[in-house]
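Here this note's numbering is used: the first residue of the sequence shown is 9, the next is one more, and so on. Where a beta carbon is used, it is the ideal one built from N, C-alpha and C, also for glycine.
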Amino acid sequence: LLSWASIIEPEALAQTHRLADMPFIWPQVAIMPDVHHGKGAAVGTVIPTRGAIIPAAVGVDVGCFRGDTRISLIDGTQRSLKDLVKENEPFWVYSLDKNGNITPGKAQAVRTRSDAELMQVTISGGDKIVCTPDHLFMLNDGTYREAKDLRIKDSLMPLYRHSYNHSVIEVTTLYERADVYCLQVGEHHNFALAAGIFVHNC
């Protein structure tokens, strides 16, 4: 590996190590200063090969939210993603474990994209969630669906089980773009928004 990045998140570094171990990589994987975790390959890597073509080796950002999106923290407070990124310290959020039980999740906030396409998901509690079209929302059965594929009346996994389930009442494409943010939740890979629903982490 050759790196021009002064900071590399552990998930992105693990992705680049797996990539560099492939037998057809030659002479080495290069890591650019903007490297960060993505779907498949880390975003911000250069992948030279010998005797092979990797058509799917394009680092794609995982879905994200606008910076003013609020997150419920275990300490009972709510913070915006943009504010959490500025702190640059881990914090604890509500997550679901593999058995569907609510549990603390250790999280880190990151800015994942600039000038990203946006859409708005309105849920029955009245909250309007602004995110990228590919962000994964957890349905009430524990599966995930991208924001762009959500349907009216889809039932979303609620944080507060004693209350009603949140359902989708509107999905709208927004004709605006913005920097977007998300959380990395190491063990459980999901977290609750202050809107009271669970989503996948980035």
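With DSSP collapsed to three states, give me the class of residue i.
i: Leu158; result: coil
i: Leu144; result: strand
i: Met128; result: According to the sequence as given, residue 128 is Gln; it is not Met. If DSSP states are grouped into helix, strand and coil, Gln128 belongs with the strands.
i: Ala20; result: helix
i: Glu95; result: helix
i: Leu89; result: helix
i: Cys139; result: strand
i: Val176; result: strand
i: Ala203; result: coil
i: Ile79; result: strand
Can you give me the Cβ contacts of residue i inside the same chain, cut-off strictly under 8 angstroms, excluding the 5 residues immediately before and after it?
i: Glu184; result: Leu126
i: Val193; result: Val101, Ser103, Gly113, Lys114, Ala115, Phe199, Asn209
i: Lys136; result: Gln128, Val129, Thr130
i: Cys72; result: Thr120, Arg121, Ala124, Cys139, Thr140, His143, Val188, Tyr189, Cys190, Cys210
Would you call residue i buried or exposed, if buried means 16 or more other Cβ atoms sit within 10 Å of its Cβ?
i: Asn15; result: For clarity, residue 15 is Ile in the given sequence; the question names Asn instead. Ile15 is exposed by the Cβ-count criterion.
i: Gly59; result: exposed
i: Ala22; result: exposed
i: Pro31; result: exposed
i: Gln86; result: exposed
i: Gly204; result: buried
i: Val138; result: buried
i: Gly46; result: buried
i: Thr24; result: buried
Cutting at 6 angstroms between CB atoms, please list the residues of its own chain near residue i, excluding the five before and the five after it.
i: Ser122; result: Asp187
i: Asp76; result: Ser88
i: Gly52; result: Met40, Asp42, Val43
i: Ala28; result: Leu9, Val37
Return the Cβ separation of residue i and residue j in integer angstroms, given the expectation that the two are a contact with Cβ distance under 8 angstroms.
i: Val3; j: Ser80; result: Past the boundaries of the shown model lies residue 3; the chain is included only from 9 to 210, so the question cannot be answered.
i: Arg153; j: Leu144; result: 7 angstroms
i: Ala117; j: Thr140; result: Their Cβ separation, rounded to whole angstroms, is 16 angstroms, which puts Ala117 and Thr140 out of contact at 8 angstroms.
Can you check DSSP and say which residues form a bridge with residue i?
i: Leu27; result: Leu27 pairs with nothing; no bridge assigned.
i: Arg74; result: Val188
i: His44; result: Val51
i: Lys114; result: Trp100
i: Leu167; result: None; Leu167 has no bridge partner.
Output needed for residue i: all residues of its chain with C-beta closer than 7 angstroms, excluding positions within five of it in sequence on either side, in chain order.
i: Ser163; result: Leu147, Asn148, Asn173, Ser175
i: Val93; result: Ala117, Val118, Arg119, Tyr189
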